[in-house]
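Colleague: First, the structure itself, so that you have it in front of you.
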Amino acid sequence: MAHVIISLGTGGAESMLIKLIENSYQSVTHHIYLLQEEHENSDYLRKLGVKVQTVNAFQLFSRLRKENFEIVIGWLFHGMLLTAFAKMLSLTNCKFVWNIRYSEFPKTDKKSKGLVQLLRFFSKFVDAIIYNSNSGKRHHEEIGYSTHNSIVIENGFDTELFIPNINRKKEFVLKHDLEANAFIFGMVARFDKLKNQINFINTAYEFLQNTPELERPIYFVFAGKNMLLDNEQIKVVLSSLNKTEHFIFLGEQKQLQHLYPCFDVHCLNSLTEGFPNVIGEAMSCGIPCISTNVGDVQRLLDSCGWLIPPNKKSALLAALTRAYFTPQAERNKLGQLSRKHILDEYSIKKIVNKYLDFFNKIIGT
Numbered sequence: 001m002a003h004v005i006i007s008l009g010t011g012g013a014e015s016m017l018i019k020l021i022e023n024s025y026q027s028v029t030h031h032i033y034l035l036q037e038e039h040e041n042s043d044y045l046r047k048l049g050v051k052v053q054t055v056n057a058f059q060l061f062s063r064l065r066k067e068n069f070e071i072v073i074g075w076l077f078h079g080m081l082l083t084a085f086a087k088m089l090s091l092t093n094c095k096f097v098w099n100i101r102y103s104e105f106p107k108t109d110k111k112s113k114g115l116v117q118l119l120r121f122f123s124k125f126v127d128a129i130i131y132n133s134n135s136g137k138r139h140h141e142e143i144g145y146s147t148h149n150s151i152v153i154e155n156g157f158d159t160e161l162f163i164p165n166i167n168r169k170k171e172f173v174l175k176h177d178l179e180a181n182a183f184i185f186g187m188v189a190r191f192d193k194l195k196n197q198i199n200f201i202n203t204a205y206e207f208l209q210n211t212p213e214l215e216r217p218i219y220f221v222f223a224g225k226n227m228l229l230d231n232e233q234i235k236v237v238l239s240s241l242n243k244t245e246h247f248i249f250l251g252e253q254k255q256l257q258h259l260y261p262c263f264d265v266h267c268l269n270s271l272t273e274g275f276p277n278v279i280g281e282a283m284s285c286g287i288p289c290i291s292t293n294v295g296d297v298q299r300l301l302d303s304c305g306w307l308i309p310p311n312k313k314s315a316l317l318a319a320l321t322r323a324y325f326t327p328q329a330e331r332n333k334l335g336q337l338s339r340k341h342i343l344d345e346y347s348i349k350k351i352v353n354k355y356l357d358f359f360n361k362i363i364g365t
């Protein structure tokens with residue numbers, strides 16, 4: 001089995017590919033072709049016996065012609081495009097599958113708009129398409145993507161790695177010199193317009209202004225690529241606010257399983273999503289979530305948190321208020337229900353089995 005992907009960085013698609021391999025490499029031979037730079041995850045996968053190579057398009061086509069793969073999966077724009085070309089050129093008799101991780105394409109990106117048109121045309125040449133959300137499948141098929149052999153396989157979560165741990169918050173509070181009873185709203189997301197962090201910071205500030213802290217002082221903790229105080233856009237918005245000591249910026253974090261348990265509530269304020277890993281990971285750690293109703297979040301969150309419409313400040317403000325004033329025992333119950341929901345529906349082993357069953361079905365057709 002071969003995978004074609006631009007890199008093995010820290011995005012959601014890369015994370016799902018790594019989890020798929022971690023949970024199947026003993027029974028399935030995986031080969032990864034990278035279209036861009038190496039990453040430390042490359043060496044990690046090599047230690048599992050996975051062959052990882054960086055190639056250009058011509059090298060990829062040459063290797064696909066020589067290797068006897070049963071199935072090749074294209075991940076994200078570039079992987080999808082090149083696997084479609086390989087199928088059209090009849091380089092091999094193997095099955096070609098796309099793995100689409102977007103709910104919808106960014107509307108403001110001209111390059112993405114061009115790729116939408118190309119990929120819509122090429123979709124009829126691949127043997128199957130996997131989506132990670134029902135909203136993504138619906139959106140793509142509405143704009144003309146092939147409906148032949150298409151399926152939704154959601155993201156899966158390692159419920160043995162992402163576990164509740166009350167000691168993590170105690171350590172975090174000590175490290176950052178916070179009050180022992182601090183109430184922490186957390187957000188894990190790279191800095192991006194579609195993640196809508198600036199709107200969230202402004203709303204959080206308004207919440208701080210309007211909310212008596214009673215017995216628990218409030219903090220907002222941000223983690224993710226470019227979520228740092230030296231980010232110019234963050235610097236500008238904070239310069240117009242006071243109470244900035246209530247905002248903590250950590251930047252990109254590698255061991256998120258240690259971070260989620262530090263939060264009382266995890267927040268996602270995205271304008272668009274497919275099936276966000278951060279919500280499932282936080283829930284697996286027993287942390288209730290506030291999230292905008294985008295992609296398949298409603299299905300993922302179930303009734304275990306606070307769902308709000310996207311880009312509606314008043315709704316976000318109300319959700320922050322409700323979450324803060326919800327009694328501790330009730331929040332704990334929401335956290336327990338959150339973890340149970342992930343265990344029952346989205347454990348990584350269950351999701352990997354869905355992948356392998358689908359691959360076997362496609363190979364057999």
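If you read the sequence shown in the working numbering, its first letter stands for residue 1, the second for the next number, and so on. Note that beta-carbon positions come from the ideal geometry of N, C-alpha and C, so glycine has one too. These numbers were taken from a predicted model, which means no experiment stands behind them.
Can you give the Cα-Cα distance for Leu320 and Phe358, rounded to whole angstroms?
Modeller: Here residue 320 refers to the residue found at position 320 when the sequence shown is read from its first residue. Here residue 358 refers to the residue found at position 358 when the sequence shown is read from its first residue. Near 41 Å, if we compare the C-alpha coordinates of Phe358 and Leu320.
Colleague: Can you name the start and end residues of the alpha helix (DSSP H) that Ile248 belongs to?
Modeller: If you number the sequence shown from 1, residue 248 lands on position 248. Element bounds for Ile248: not the alpha helix (DSSP H) but the beta strand (DSSP E), Phe247 to Gly251.
Colleague: Going by DSSP, name the residue or residues bridged to Gly186.
Modeller: Along the sequence shown, one-based indexing puts residue 186 at 186. Beta-bridge pairing links Gly186 to Val221 and His266.
Colleague: Is the Cβ-Cβ distance between Pro309 and Asn293 less than 9 Å?
Modeller: Along the sequence shown, one-based indexing puts residue 309 at 309. Along the sequence shown, one-based indexing puts residue 293 at 293. Their beta carbons are under 9 Å apart, which means Pro309 touches Asn293 by this criterion.
Colleague: Would you check if the region 148 to 168 and the region 257 to 277 touch, i.e. whether three or more CB-CB distances between them fall below 8 Å?
Modeller: yes
Colleague: Taking the alpha carbon of Leu161 as the point to measure from, which residue in Thr83, Ile290 and Leu259 has its own alpha carbon closest?
Modeller: For the purposes of this step, residue 161 is identified with residue 161 of the sequence shown, where counting begins at 1. If we check each option's Cα against that of Leu161, Leu259 comes out closest.
Colleague: Give, in chain order, every unbroken run of the alpha helix (DSSP H) that is at least 4 residues long and sits entirely within the region 52 to 127.
Modeller: 57 to 66, 76 to 88 and 110 to 122
Colleague: Would the region 136 to 152 and the region 120 to 127 be scored as touching if the rule is three or more Cβ pairs under 8 Å?
Modeller: yes
Colleague: For Ala329, report the span of its alpha helix (DSSP H) as first-last.
Modeller: Here residue 329 is taken as the residue at index 329 of the sequence shown, counted from 1. Where Ala329 is concerned, the enclosing alpha helix (DSSP H) stretches over Gln328 to Glu345.
Colleague: Across the region 214 to 229 and the region 179 to 195, are there enough close Cβ pairs to call them in contact, namely three or more that are closer than 8 Å?
Modeller: yes
Colleague: For Phe96 versus Val72, is the C-beta spacing smaller than 9 Å?
Modeller: Taking the sequence shown and counting its residues from 1, the one referred to as residue 96 is at position 96. Taking the sequence shown and counting its residues from 1, the one referred to as residue 72 is at position 72. Yes, the pair counts as a contact, with Cβ atoms nearer than the cut-off.
Colleague: Near Met16, which residues of its chain fall below 6 Å by C-beta distance, leaving aside the five closest residues on each side in sequence?
Modeller: By 1-based counting over the sequence shown, the position of residue 16 is 16. So the qualifying residues of the chain are Asn155.
Colleague: Using the beta-carbon count (16 or more within 10 Å), is Glu14 buried or exposed?
Modeller: Locating residue 14 in the sequence shown gives position 14, where the first residue counts as 1. By the 10 Å Cβ count, Glu14 comes out buried.
Colleague: Taking the alpha carbon of Gly295 as the reference point, which residue from Leu8, Ala57 and Ser103 has its own alpha carbon closest?
Modeller: One-based indexing of the sequence shown puts residue 295 at position 295. Selected option, being the one with the closest Cα: Ser103.
Colleague: Would you report the Cα separation of His39 and Leu8, rounded to the nearest angstrom?
Modeller: To locate residue 39, count along the sequence shown from 1; it is residue 39. To locate residue 8, count along the sequence shown from 1; it is residue 8. The alpha-carbon atoms of His39 and Leu8 are separated by roughly 6 Å.
Colleague: Nearest to Lys170 by alpha carbon, out of Met1, Pro261, Gly114 and Asn99?
Modeller: As a position in the sequence shown, residue 170 is number 170, starting the count at 1. The candidate whose alpha carbon is nearest that of Lys170 is Pro261.
Colleague: Let me know the secondary structure DSSP gives Leu161 once reduced to three states.
Modeller: Taking the sequence shown and counting its residues from 1, the one referred to as residue 161 is at position 161. Here Leu161 sits in coil by DSSP.
Colleague: In terms of residues, what are the limits of the beta strand (DSSP E) holding Leu34?
Modeller: Position 34 of the sequence shown, counting from 1, holds the residue named residue 34. Element bounds for Leu34: His31 to Leu34.
Colleague: Would you mind working out which of Cys304, His30 and Ser42 sits nearest Asn68, comparing C-alpha positions?
Modeller: Walking along the sequence shown from the start, residue 68 turns up at place 68. Checked all of Cys304, His30 and Ser42; the closest Cα to Asn68 is His30.
Colleague: Comparing C-alpha positions only, which one of Ser135, Phe61 and Thr244 sits nearest to Asn93?
Modeller: The count along the sequence shown starts at 1 and reaches residue 93 at position 93. Taking only the C-alpha atoms, the option nearest Asn93 is Phe61.
Colleague: Which first and last residues belong to the alpha helix (DSSP H) in which Ala315 is found?
Modeller: Stepping through the sequence shown from its first residue, residue 315 is reached at position 315. Lys313 to Phe325 is the extent of the alpha helix (DSSP H) around Ala315.
Colleague: Between the beta-carbon of Ile163 and the beta-carbon of Gln36, is there less than 9 Å?
Modeller: Locating residue 163 in the sequence shown gives position 163, where the first residue counts as 1. Locating residue 36 in the sequence shown gives position 36, where the first residue counts as 1. Contact flag unset, no.
Colleague: Which same chain residues, not among the five before or five after Asn210, have their C-beta less than 6 Å away from its C-beta?
Modeller: Your numbering for residue 210 matches position 210 in the sequence shown. Short of 6 Å from the beta carbon of Asn210, and not among the five residues preceding or following it, lies no beta carbon of its own chain.
Colleague: Using the three-state DSSP reduction, which class does Thr244 fall into: helix, strand or coil?
Modeller: Position 244 of the sequence shown, counted from the first residue, corresponds to residue 244. Secondary structure of Thr244 (DSSP, three-state): helix.
Colleague: Report all residues from its chain with a CB closer than 6 Å to the CB of Cys201; omit the five preceding and five following residues, and keep chain order.
Modeller: The residue you call residue 201 lines up with position 201 of the sequence shown. Checking the sequence, you will find Ile at residue 201 rather than Cys. Short of 6 Å from the beta carbon of Ile201, and not among the five residues preceding or following it, lie these beta carbons of its own chain, in chain order: Val237.
Colleague: Alpha carbons only, please: which of Asn353, Phe77 and Cys304 is nearest the one belonging to Leu118?
Modeller: For this step, residue 118 is matched to residue 118 along the sequence shown. Per the Cα distances, Phe77.
Colleague: Taking Ser291 as part of the alpha helix (DSSP H), name the residues at either end of that continuous run.
Modeller: Counted from its first residue, the sequence shown places residue 291 at position 291. Element bounds for Ser291: not the alpha helix (DSSP H) but the beta strand (DSSP E), Cys289 to Thr292.
Colleague: What's the gap between the Cα of Asn242 and the Cα of Glu206?
Modeller: The count along the sequence shown starts at 1 and reaches residue 242 at position 242. The count along the sequence shown starts at 1 and reaches residue 206 at position 206. The alpha-carbon atoms of Asn242 and Glu206 are separated by roughly 11 Å.
Colleague: Have a look at Cys304 and Asp264 and give me their C-alpha separation to the nearest angstrom.
Modeller: On the sequence shown, residue 304 is found 304 positions in, with the first residue counted as 1. On the sequence shown, residue 264 is found 264 positions in, with the first residue counted as 1. Taking the straight line from one Cα to the other gives about 14 Å.
Colleague: Taking Cβ to Cβ, would you say Asn99 is nearer than 9 Å to Asn132?
Modeller: The residue you call residue 99 lines up with position 99 of the sequence shown. The residue you call residue 132 lines up with position 132 of the sequence shown. Yes, these two residues count as a Cβ contact at 9 Å.
Colleague: Hey, does Ile348 have any beta-carbon neighbour from chain C nearer than 9 Å?
Modeller: Absent here is chain C; the protein component of the structure consists of one chain.
Colleague: Under a three-way DSSP split, which group does Tyr145 fall into?
Modeller: Residue numbering aside, residue 145 sits at position 145 when the sequence shown is read from its first letter. Secondary structure at Tyr145: coil, using DSSP grouped into helix, strand and coil.
Colleague: Could you check how far apart the C-beta atoms of Thr10 and Glu281 are, in whole angstroms? I think they sit under 8 Å.
Modeller: For this step, residue 10 is matched to residue 10 along the sequence shown. For this step, residue 281 is matched to residue 281 along the sequence shown. Cβ-Cβ separation between Thr10 and Glu281: approximately 13 Å, too far for a contact (criterion under 8 Å).
Colleague: Is the beta carbon of Lys195 closer than 9 Å to that of Leu268?
Modeller: Residue mapping note: residue 268 aligns to position 268 of the sequence shown, counting from 1. Residue mapping note: residue 195 aligns to position 195 of the sequence shown, counting from 1. Cβ distance < 9 Å, so Leu268 and Lys195 count as in contact.
Colleague: DSSP beta-bridge partners for Leu45?
Modeller: Counted from its first residue, the sequence shown places residue 45 at position 45. DSSP, once it has assigned bridges, lists no residue as partnering Leu45.
Colleague: Would you please state the rounded distance, in angstroms, between the beta carbons of Ile363 and Asn23? I believe it to be under 8 Å.
Modeller: For this step, residue 363 is matched to residue 363 along the sequence shown. For this step, residue 23 is matched to residue 23 along the sequence shown. Taking the Cβ atoms as the reference, Ile363 lies roughly 19 Å from Asn23, outside the contact range of under 8 Å.
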